[in-house]
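Residue numbers (the UniProt record's numbering): 1 to 104. Yeah, the Cβ is synthetic: ideal placement off N, Cα and C, and Gly gets one too. If you're wondering where the values come from, they're calculated on a predicted model, not measured in any experiment. Below is one structure, written out as structure tokens, with a few remarks after it.
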């Protein structure tokens, strides 16, 4: 599956647009992580545990988007976008979406 944030695929010709492929996940913080990251936040620097959590969530959302596109019979997903939103205190959703297409 070819996934790109551009509108076209290099050396590929879009012959059919199948619709929007999407995938999402909701990840929550945990108490242990909150304590260690709270201490780090007092002194400054990257909150690595949270960065890792969001990276994992982005990867999972993309995998789910690719699975949705495969169910549609797509060869590629173009114009891919990622969005993050807070669902609840301590929980965030990551959404990946794009246009599922067939290539020549």
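Inset, instruction - For residue 1, count neighbouring Cβ atoms within 10 angstroms of its own Cβ and tell me buried if that reaches 16, exposed if not. - result: Position 1 of the chain shown, counted from the start, is the residue given in the question as residue 1. Under this definition residue 1 is an exposed residue.
Legend entry - Cβ pair count under 8 Å reaching 3, the stretch 18-28 against the stretch 60-73: yes
Inset, instruction - Output yes or no for whether 7 Å exceeds the beta carbon distance between residue 84 and residue 94. - result: The residue labelled residue 84 in the question sits at position 84 within the chain shown. The residue labelled residue 94 in the question sits at position 94 within the chain shown. A contact, by the Cβ cut-off of 7 Å.
Legend entry - Best match in 58, 17, 16 for proximity to residue 82 [C-alpha to C-alpha]: For the purposes of this step, residue 82 is taken as the residue at position 82 of the chain shown. Nearest of 58, 17, 16 to residue 82, Cα basis: 58.
Inset, instruction - Pick out whichever of 5, 50, 13, 6 has its Cα sitting closest to the Cα of residue 90. - result: Residue 90 sits at position 90 when you count from the first residue of the chain shown. The shortest C-alpha separation from residue 90 is found at 50.
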